[in-house]
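Chemist: Heads up: the sequence lines are chains A and B, in that order. This note's numbering puts the first residue of the first sequence at 1, with every later residue one more than the last. This note's numbering puts the first residue of the second sequence at 147, with every later residue one more than the last. Note that beta-carbon positions come from the ideal geometry of N, C-alpha and C, so glycine has one too. Just passing along the structure, written as structure tokens.
Protein chains: 2
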Amino acid sequence: MRTINRLDQVLELLRRHGGRVTTTRRAVVRAILESPEHHITAIALTDQLRLTHPDLAPSTVYRTLDALCEIGVLEHTHLGHGAAVFHMTGERHAHAVCHVCGAVVQVPDHHFGELRRDLAAEFGFEIAPEHVALSGRCVRCRTTES
Amino acid sequence: MRTINRLDQVLELLRRHGGRVTTTRRAVVRAILESPEHHITAIALTDQLRLTHPDLAPSTVYRTLDALCEIGVLEHTHLGHGAAVFHMTGERHAHAVCHVCGAVVQVPDHHFGELRRDLAAEFGFEIAPEHVALSGRCVRCRTTES
DNA sequence: ATAATTGCAAAGTCTTTGCAGTTTG
DNA sequence: CAAACTGCAAAGACTTTGCAATTAT
């Protein structure tokens with residue numbers, strides 16, 4: 001239920017900003033909202049949507065994502081190598097990526113208290129936790145490797 | 147003085163690992179060691195070195211950087227969009243990148259205490275501070291923008 | 001000598017752009 | 001109908017790979 005509402009909210013917002021709601025855009029937004037980890041790359045999104053919309057162009061996906069970012073409902077993060085991941089805004093968490101196996105852990109915002117305070121005090125820098133990409137080794141790789 | 151020693155240390159290590167020390171490699175290592183912010187992209191490195199070594203190929207730079215990473219003296223970090231930055235290991239700091247103007251702030255390791263502890267406790271995840279790329283807004287852009 | 005490195009060119013990945021045709025509001 | 005969206009193809013940024021010629025050890 002909540003998902004359906006969210007979908008409509010996003011599309012409505014798009015319309016209000018002078019954008020148009022098309023079958024493709026509806027499908028893109030739905031796919032993002034339903035993506036398992038709540039984050040997905042443009043390429044994965046394209047591949048997935050091609051199953052039902054065979055001639056969807058990558059450029060269309062990128063432009064739709066841009067449009068969503070511009071109205072502020074979507075954000076992207078660069079998780080180390082490879083493609084950026086997109087996720088809806090308001091999900092206040094950072095990503096921690098294992099540089100060995102690529103596993104992604106979502107880190108709740110409240111762990112950033114100290115860092116946020118220190119950076120603001122020392123550098124006047126305001127961190128955006130949802131953009132943050134931490135890097136390190138996950139449990140599995142720590143125990144397996146050494 | 148210290149820079150010269152460091153250069154020779156690196157080159158010696160390279161030799162010990164079966165690598166060869168060439169004019170090009172010496173120039174690459176020197177340029178990294180002398181790079182103003184202690185981090186530089188492969189492309190910037192190539193452009194800079196081309197001034198004195200006109201037909202240095204990008205691939206040579208990339209391969210040299212790879213070789214240095216493999217012997218453990220160099221690391222790279224993806225700072226959001228664009229090219230990865232390389233820096234010598236042992237510089238225990240993270241980077242905070244302003245997503246408005248691209249400015250980079252170096253964040254000393256000790257600010258990561260809480261985050262490191264929490265991530266280890268909650269997820270078993272071990273963060274590598276020197277790989278971390280924080281994102282947010284720098285002082286200038288905070289005051290200028292809004 | 002022989003194994004590593006080099007330059008060049010081609011290819012690969014992710015993303016952006018130009019354009020003519022189609023669709024939405 | 002006008003403005004926005006679409007697919008396609010081409011280009012762009014960054015990086016990797018193959019190969020024959022060169023060079024360090």
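Hey, His-110 (chain A) and Ser-281 (chain B): beta-carbon distance below 9 Å or not?
Modeler: Their beta carbons are not under 9 Å apart, which means His-110 (chain A) does not touch Ser-281 (chain B) by this criterion.
Chemist: Locate the alpha helix (DSSP H) running through Val-207 (chain B), then write down its first and last residues.
Modeler: Element bounds for Val-207 (chain B): 204-216.
Chemist: Please report whether the beta-carbon of Thr-187 (chain B) lies at a distance below 9 Å from any beta-carbon of chain A.
Modeler: Not one chain A Cβ lies under 9 Å of Thr-187 (chain B).
Chemist: Assuming contact is defined by CB atoms lying nearer than 9 Å, are Thr-46 (chain A) and Ala-84 (chain A) in contact in what I supplied?
Modeler: Not a contact, by the Cβ cut-off of 9 Å.
Chemist: Just how far apart, CA to CA, sit Ala-240 (chain B) and Pro-275 (chain B)?
Modeler: Ala-240 (chain B) and Pro-275 (chain B): Cα-Cα distance of roughly 5 Å.
Chemist: In angstroms, rounded to a whole number, what distance separates the CA positions of Arg-288 (chain B) and Leu-214 (chain B)?
Modeler: Approximately 38 Å between the Cα atoms of the pair.
Chemist: Does any CB atom of chain A fall closer than 9 Å to the CB of Thr-223 (chain B)?
Modeler: Output row for Thr-223 (chain B): interface = yes.
Chemist: Who are the Cβ neighbours of His-99 (chain A) in its own chain at under 8 Å, not counting the five residues just before and after it?
Modeler: Closer than 8 Å at the Cβ level, and outside the excluded window around His-99 (chain A), lie Gly-80, Ser-135, Gly-136, Arg-137.
Chemist: Could you tell me the alpha carbon to alpha carbon distance between Gln-48 (chain A) and Glu-70 (chain A), rounded to whole angstroms?
Modeler: Taking the straight line from one Cα to the other gives about 23 Å.
Chemist: Under a CB-based cut-off of 9 Å, is Phe-86 (chain A) close to chain B?
Modeler: Cβ-Cβ to chain B under 9 Å: no for Phe-86 (chain A).
Chemist: For Cys-101 (chain A), which residues in the same chain have their Cβ closer than 8 Å to its Cβ, ignoring the five residues on either side in sequence?
Modeler: Answer for Cys-101 (chain A): Cys-138, Arg-140, Cys-141, listed in chain order.
Chemist: Spell out whether any CB of chain A is found under 9 Å from the CB atom of Ile-273 (chain B).
Modeler: By this cut-off, Ile-273 (chain B) is an interface position.
Chemist: Closest Cβ-Cβ distance between Glu-70 (chain A) and chain B: below 9 Å?
Modeler: No, Glu-70 (chain A) does not count as interfacial toward chain B.
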